[in-house]
Structure formats: C-alpha cells, structure tokens
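Here the working numbering is used: the first residue of the sequence shown is 3, the next is one more, and so on.
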Amino acid sequence: MNYAIDDLILVMKTTKSAICVGLDPFLDKIPDLFIQEGEKLFGKTLSGASYAILKFNKTVLELLAGKVAVVKPQFSLYLKYGPEGVYAFYQTISYAKQLGFLVIADAKSNDIDSSMEGYVQGFLGEAEVSDKKQKVFNADFLTVNPYLGSDSYKPLKKVIECYKKGAFILSKTSNKSSAEYQDKDLDGYPLYLTVAKDVSSYFSDMKGENGYLAAGIVVGATMPEQIKIIRKSFPGLFFLIPGFGAQGGDIDALKYAFSKNVGFIVNASRSILYSYLDLYRDLGFEKAIIKSCEDMNEKVNSVIKW
C-alpha cells in the first residue's frame, strides 16, 4: 500500500535531501521589504502582517524548490494573526504543493474521537458540505499529540487510510522540559517509549511500500540516547527530528536514527529562514537561505547512504 510516507521517501531520494524546512513566521525577523509591502497595501493590520508572511513564504519556497523534500508550517504562528493568518497558512500549503513539496501541518492536534475527526478532516481530508466533499488544507502529514490516548487515533487512522496521508505523533520532543512528562516511568518504560510502542502497534496494519508505517513519531535531535533506544526497538517507525538548528541538536544523533531508506527527516526553521540575520548576514536573505540549506544538506548527508 502506498501512503504519504512512501511519497516522502521518493521525493527525498529525488532531491537527495532529508531536510524538512519549518515555515515559522516571526514578523520581527522577516525581511523589511515584505513587512513594508504588507503595510503599504493594508496598513499595520492583521491583513498586512499575513500578506507579508505569505509573500515571504512564497519566496522561501521558490528558493528551495527541488532542494528539499518537505516543509512544515507551524499552525499557531499563523493562527495568532486571526482569519487572515489562517488563510496565509492555507495559501502556503497550496503553493508548496504546487512546487512539488510535501507538507506537514504542524498543529500537534488531539481531542476525543468526535472532535479529532474535525482536526484530521480539516488538515488532511475533506469537509462535507451538504452532499459535496471539499478539500480543506490538504496537507500530507499532521503532527499529533498522543495525550488523550488511542481514542484520538481512530479518526486519524480512518483519514490516513482513506486519503493515503500520514502523521507524526509526539514521542520524545526536543524542548528542555520534555522530561517532566515524557521520561516518567510507566510499567517499567519511560512514557516516550510507551508512546512509540503504541503507535507501532496501533498502525501496524498500515505499512507502506518502503517498509515504514503510515504514522511515524517525533523525536528531538537534542535527545541522541532516546533516538538510539527507539530506533533499536522500532525499526518500522519513520522519525521527524526537530531541534537540529537553533535548538542545538547534534549531527551525531542522526547516526542512531538511520535505517533503511534513511528512516528520518530533520527539521530546521530559524537557522535557515533567518540565517541572514547572523551567520550569513553579509549575503542578503535570499542567498543566506540557500547557503544555510545547502550547508545543512551537506551535514545531514554525511550520515546518509542514498
């Protein structure tokens, strides 16, 4: 069976890139020319801010088309600008897909099954309007918080199966306080490992053509020992690995994540989008984005056998 995870692996092999670029908009970091254009058209309003975000995103996508396989817009950073920001999120996904990227909607969604149905249909599937179904955001993957348990997996599984999409479920995240919950002992296992085990079990009948389950997990680049443990126990789980750039993740951690057909994608956001503000301040923002992406590709590819 072909799922989005198989499409991702194919595009990764085509681009020779295991990088996911996080499209995380921060108005105080976006180049002034986009801010000024938005303000000229709409004033200092939510519409002006959202216009600037979308224009910046489109520029980034055009610069990186064919260089990376997948992008990951962070939903909350668009939601903060209201309906206009959500529309920029929608347009960002649409334009990314036009240019050949796969898209991870980073919303970390979770709820009881009836409410989770709304999240997964909205981000991955279709909305039913009278007797007609219409695609909504149409992302390829959704990040999911597992805290409500397997009830929330039921609608997720149904939508993944119906539309051949995918998900990444939080297991061991890259933030400093993750241990407060994720390392808690549960029947002799840390909670993050229990989550990985449950994902592997619940989605075991949804194996893609490349040997990975349709639902993978999120494991932070700042957690090399946990990556090693999870990979050894669950070779069939594909990893989304955040925390590589600005959060200081270690390249050596990727060696532990490697498996057949690579087995992971590495996310970086600020270290690529805003490298023109520090590391490559002499290059201008466009050249800085390309250069930082090329540098990261080179580092990540040093541990990959394509």
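No residue lacks a Cβ here, since even glycine has one placed at the ideal position from N, Cα and C.
- If you check the CB distance, Val-122 and Pro-157 come in under 9 Å.
- Secondary structure at Asn-269: strand, using DSSP grouped into helix, strand and coil.
- As the crow flies, the alpha-carbon of Gly-213 is around 46 Å from that of Gly-40.
- Rounded to the nearest angstrom, the gap between the Cα atoms of Lys-42 and Lys-82 is 21 Å.
- DSSP, read as helix, strand or coil, puts Asp-185 in coil.
- Per DSSP, reduced to three states, the secondary structure at Gly-168 is strand.
- The Cβ atoms of Ala-223 and Tyr-204 do not sit closer than 9 Å to each other.
- Collapsing the DSSP output to three states places Asp-254 in coil.
- Put simply, the backbone Cα of Lys-110 is about 22 Å away from that of Gly-238.
- When Lys-209, Ile-95 and Glu-64 are compared, the shortest CA-CA separation from Ile-162 is found for Lys-209.
- Annotation for Glu-227: the continuous alpha helix (DSSP H) segment containing it runs 226-235.
- With contact defined as three or more Cβ pairs closer than 8 Å, the segment 13-24 and the segment 175-194 are not in contact.
- Proximity of the segment 65-75 to the segment 281-297 meets the contact definition, three or more beta-carbon pairs being nearer than 8 Å.
- Under DSSP, Thr-145 shares a beta bridge with Phe-170.
- Judged by their CB atoms, Thr-17 and Val-70 are nearer to each other than the 9 Å cut-off.
- Contact check for Val-62 and Val-105: beta-carbon distance about 13 Å, past the 8 Å limit, so the pair fails to qualify.
- Two segments are said to touch when three or more pairs of C-beta atoms, one from each, lie closer than 8 Å; by this definition the segment 284-292 does not touch the segment 253-271.
- Looking from the CA of Asn-147, the closest CA among Tyr-194, Glu-128, Leu-188 and Val-138 belongs to Tyr-194.
- Cβ-Cβ distances below 8 Å link Ile-291 to Val-62, Leu-65, Leu-66, Ile-274, Leu-275, Ser-277 and Tyr-278 in the same chain, with the five nearest sequence neighbours on each side left out; the list follows chain order.
- For the 9 Å CB-CB criterion, Ile-229 and Val-220 do not form a contact.
- Secondary structure at Gly-45: coil, using DSSP grouped into helix, strand and coil.
- Under DSSP, Ala-107 forms a beta bridge with Leu-144.
- Nearest C-alpha to Thr-47 among Leu-29, Glu-300 and Pro-33: Leu-29.
- Here Phe-143 is not near Ala-259, since their CB atoms are 9 Å or more apart.
- Here the alpha carbon of Asn-4 sits roughly 17 Å from the alpha carbon of Asn-140.
- Contact between Gly-120 and Val-138 does not hold, since their C-beta atoms are separated by about 10 Å, which reaches or exceeds 8 Å.
- Contact between Phe-236 and Ser-202 holds, since their C-beta atoms are separated by about 5 Å, short of 8 Å.
- The shortest CA-to-CA distance from Lys-262 to any of Phe-240, Gly-84, Ile-37 and Gly-245 is the one to Phe-240.
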